[in-house]
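Engineer:
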């Protein structure tokens with residue numbers, strides 16, 4: 294819940310917020326799905342291979358580069 298509050302505050306106050314300036318004072322927060330305890334998992338981390346992953350954002354900022362530092366391994370609902 295702390296994450297949601299911080300995210301809502303960013304949407305309300307950040308200069309690059311997608312919320313129009315004139316609507317920010319009345320912005321009460323984003324809508325979220327309820328959490329589902331069945332989707333909680335225990336995962337272990339496997340080291341990554343340190344390869345580069347490039348994602349083209351399709352926007353003016355172009356491609357964003359990431360390094361594969363690890364991988365989470367888990368079973369969801371099963």
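Residue numbers (our numbering): 294 to 371.
By construction, the Cβ of each residue, glycine as well, lies at the ideal position given by its N, Cα and C atoms.
Where does residue 308 sit, in a helix, a strand or coil, going by DSSP?
Structural biologist: Three-state result, residue 308: coil.
Engineer: The beta strand (DSSP E) spanning residue 358 covers which residue range?
Structural biologist: 356-360
Engineer: Which residue marks the beginning of the beta strand (DSSP E) containing residue 342, and which one marks its end?
Structural biologist: Unbroken run through residue 342: none, as it is neither H nor E.
Engineer: Which value, in whole angstroms, describes the spacing of the CA atoms of residue 366 and residue 333?
Structural biologist: 13 Å
Engineer: Could you check where the beta strand (DSSP E) with residue 364 kicks off and where it finishes?
Structural biologist: 363-366
Engineer: Using the Cα positions of residue 349 and residue 319, report the straight-line distance between them to the nearest angstrom.
Structural biologist: 34 Å
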